[in-house]
Structure formats: C-alpha cells, structure tokens
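Take any residue in the sequence shown, count from 1 to its spot, add 9: that is its number in the working numbering. Written below as structure tokens is the structure these notes are about.
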Amino acid sequence: MVCRMFRLETEVDSTRRDLLRSRLRDTNTAASPVLRALRGTPAERETPLHVWASAAAGELAGGLVGHTWTTWLHVAYLWVDERHRGTGLGTRLLAEAERVAVEERGCRHARLETWDFQAPDFYRRLGYEVVCVIEDYPPGITEYTLTKRLG
C-alpha cells in the first residue's frame with residue numbers, strides 16, 4: 010500500500026481554480042460523447058443574456074441576467090423594482106429572455122433557482138416546473154430549482 014502525504018490549503022487562488030476547471034473540463038469531455046461533440050463549437054461557451062427595463066426617467070425598473078449554454082437558458086437573476094411589481098414587467102423580462110434564447114440561440118429549455126419567499130408561484134404560472142427542492146438552504150429558507158421546455 011502506498012501512503013502519500015498531502016498538504017491541504019484553504020486559500021483562494023484563481024490560478025489553481027482555473028487549472029482545476031480546465032482539468033475537470035478535460036476529464037468530463039473525455040468521459041462524455043455529448044461534451045466531446047460540443048468541444049470547439051459555439052454552443053460550448055456560455056453566452057451572457059441580459060434584458061433591462063428602464064423607467065421613463067431612465068432609472069432601472071427591472072432586469073434579468075442569465076446566460077445560454079448548449080440548448081439551455083439559465084436565469085441567474087430576475088428583479089423588478091417594488092414600484093413596478095404587479096405590472097407584468099417581470100413576465101415581459103422573462104418572455105424576452107426566452108424569446109432571444111429560442112429564436113436567436115436555439116435553446117429548448119430554461120432553468121432557474123428561486124427561494125420560497127421570492128417567486129416560485131410566479132414561475133409556475135409561467136409554465137416552469139419544480140425539479141428540485143432544497144430545504145433549509147440557507148437555514149429557514151427553501152430553495153427551488155425550476156425548469157421549462159421552451160418553444
């Protein structure tokens with residue numbers, strides 16, 4: 010039996026993070042024919058997708074930040090200023106992101122995460138389905154992952 014000594018560190022190191030990401034990517038690509046087929050194609054890269062809404066005076070009324078990757082739209086943030094909630098602005102922001110994802114980027118699915126006090130019912134009304142529930146993340150809060158078939 011071989012015994013090896015390792016030194017474990019907890020420092021933040023962007024150089025080693027990038028090396029780790031690259032090596033994991035290479036390992037995953039070697040193991041998956043799907044990921045291997047994506048290598049070197051435009052679909053391999055995450056492409057940012059942002060949708061912004063400005064009020065009459067130019068101030069930010071709401072926005073959506075996400076990205077597309079392969080055939081998926083991933084919504085990271087969707088926010089509407091309190092003064093504009095209930096006006097349909099959130100629905101319009103999400104619909105525009107979905108439109109761009111489908112028509113311009115060939116996406117067929119969308120995914121997002123939300124907390125129980127945020128908007129799970131809003132997303133359900135728009136056709137999203139809960140695929141994962143993580144209770145107590147963070148403590149006292151439930152996180153939901155939702156997906157939707159687009160197009």
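Think of the CB as a built atom: it goes at the ideal place given N, C-alpha and C, for glycine as much as any other residue.
Assigned exposure category for residue i - 16 Cβ within 10 Å defines buried
| i | result |
| --- | --- |
| residue 116 | buried |
| residue 123 | buried |
| residue 136 | exposed |
| residue 146 | exposed |
| residue 128 | buried |
| residue 110 | buried |
| residue 58 | buried |
Simplified DSSP assignment, three categories, for residue i
| i | result |
| --- | --- |
| residue 29 | helix |
| residue 86 | strand |
| residue 17 | coil |
| residue 39 | helix |
| residue 99 | helix |
| residue 104 | helix |
| residue 135 | coil |
| residue 159 | coil |
| residue 70 | strand |
| residue 64 | coil |
| residue 77 | strand |
| residue 114 | coil |
| residue 119 | strand |
Sequence-distant residues of its chain with Cβ nearer than 8 Å to residue i (five each side left out)
| i | result |
| --- | --- |
| residue 33 | none |
Cutoff 7 Å; reference residue i; Cβ partners in own chain excluding five residues on either side
| i | result |
| --- | --- |
| residue 98 | 62, 70, 71, 89 |
| residue 142 | 151, 153 |
| residue 140 | 154, 155, 156 |
Test item: CB-CB of residue i and residue j under 7 Å
| i | j | result |
| --- | --- | --- |
| residue 73 | residue 52 | no |
| residue 188 | residue 56 | Residue 188 is absent from the structure shown; the chain starts at 10 and stops at 160. |
| residue 119 | residue 159 | yes |
| residue 102 | residue 60 | yes |
Minimum Cβ-Cβ distance from residue i to chain C less than 7 Å
| i | result |
| --- | --- |
| residue 66 | Absent here is chain C; the protein component of the structure consists of one chain. |
Cβ-based neighbour list, residue i, same chain, cut-off 6 Å, excluding 5 preceding and 5 following
| i | result |
| --- | --- |
| residue 5 | No statement about residue 5 is possible, as the shown extent of the chain runs from 10 to 160 and does not include it. |
| residue 114 | 77 |
| residue 50 | none |
Would the segment 39-57 count as touching the segment 14-26 if we require 3 or more Cβ pairs under 8 Å? With the rule of 3 Cβ pairs closer than 8 Å, the segment 39-57 does not count as touching the segment 14-26.
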